[in-house]
Amino acid sequence: MVGAEMCYALPVAYTLIKRITRINSQDWILPFGPITILNISYSPNYEISWMYQTTFYISTVVKQMTIKSFDLFYSFVMFQDCQLHEESSYTQGDKIDVSQIAWKYLESELNSIVRYHLSIIEIATDVEDIFSYGMLSVYLFTLGILCFEVYRAAVVSSTVIL
23 MVGAEMCYAL
33 PVAYTLIKRI
43 TRINSQDWIL
53 PFGPITILNI
63 SYSPNYEISW
73 MYQTTFYIST
83 VVKQMTIKSF
93 DLFYSFVMFQ
103 DCQLHEESSY
113 TQGDKIDVSQ
123 IAWKYLESEL
133 NSIVRYHLSI
143 IEIATDVEDI
153 FSYGMLSVYL
163 FTLGILCFEV
173 YRAAVVSSTV
183 IL
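For the sequence shown, the numbering used here begins at 23 and goes up steadily by one.
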């Protein structure tokens, strides 16, 4: 977590300090790479682009970290529940003579196990439904930006680069 914060705090702080200390607009850089759509060589465009880029990148990372944290937490809870269930089954398994149990009790236990697993599958499906559109939209937006940037890079002539 600290590493992720440093990866985003250092470029933002570096570009902010560079913007404040340098008057020449050629020295101004954006924290997460250039935006070729706007001319950022003068003041209002640079600050607007800087705020947009910083806010967009940090909010995207926070959203993805939140989703991954919920996913990890859910997996941990499910594993802990499974571990407790297996431990109780293991400790009580030697004490019970299965041949002495009537079929109706075994059937009810099997039904409860099946219902439990079906509820787990239903919860997993609900979680997937909740987060799938958000992740898809972030992916498609990022892919669109990438395609646009590749197009812009292909349109730029070699004399501009040199």
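Beta carbons: idealized from backbone N, C-alpha and C, even for Gly. Note that the coordinates shown come from a computational prediction; the quantities given were computed from them, not determined experimentally.
key: W125: first and last residue of the uninterrupted alpha helix (DSSP H) it sits in   = Secondary structure note for W125: its alpha helix (DSSP H) is the uninterrupted segment 125 to 177.
query = When you compare only the Cα positions, how much space is there between S63 and T37?
reply = Using only the alpha carbons, I get a separation of about 14 Å.
ask   = Under the rule that 16 or more other beta-carbon atoms within 10 Å means buried, what is P53, buried or exposed?
value = Classification for P53: buried.
request  = May I ask you to report which of helix, strand or coil DSSP gives W50?
outcome  = W50: coil per DSSP, three-state reduction.
ask   = From F170, P33, E109, pick the residue whose C-alpha is nearest to that of M73; which is it?
value = Measuring C-alpha to C-alpha distances from M73 to each of F170, P33, E109 identifies P33 as the nearest.
message = Short of 8 Å in beta carbon distance, which residues of its chain neighbour L184, apart from the five on each side in sequence? Order them along the chain.
response = At L184, the pLDDT of 47 sits below 50, so the modelled position is not reliable and the matter cannot be decided from this model.
query = Based on Cα-Cα distance, which residue from R174, F153, S97, S81 lies nearest to I89?
reply = Closest by alpha carbon: F153.
query = How long is the line joining the alpha carbons of E67 and S81, rounded to whole angstroms?
reply = The amino acid at residue 67 is misidentified as Glu; the sequence shows Asn. Those two C-alpha atoms are separated by around 21 Å.
request  = Return yes when the Cβ of V149 is within less than 9 Å of the Cβ of Y96, no when it is not.
outcome  = Their beta carbons are under 9 Å apart, which means Y96 touches V149 by this criterion.
query = Which parts of the region 71 to 119 are runs of the alpha helix (DSSP H), unbroken and 4 residues or longer, counting only runs that do not cross its ends?
reply = Secondary structure within the region 71 to 119: not one fully enclosed alpha helix (DSSP H) run of 4 or more consecutive residues is present.
ask   = Using DSSP with H/G/I as helix, E/B as strand and the rest coil, what is S197?
value = This structure cannot settle anything about residue 197, because the visible part of the chain is limited to 23 through 184.
key: Per-residue DSSP class, three states only, for P56   = In this structure, P56 counts as coil in the three-state DSSP scheme.
key: Beta carbon of L132 nearer than 9 Å to that of V120   = Not a contact, by the Cβ cut-off of 9 Å.
task = Go ahead and pull the three-state DSSP assignment for R44.
result = Residue state, collapsed to three classes: coil.
inquiry  = Comparing C-alpha positions only, which one of M100, Y173, L158 sits nearest to Y138?
reply    = Minimum Cα distance to Y138 is reached at M100.
query = Q75: which of L94, E109, I123, A31 sits nearest, CA to CA?
reply = Out of L94, E109, I123, A31, A31 has the C-alpha closest to the C-alpha of Q75.
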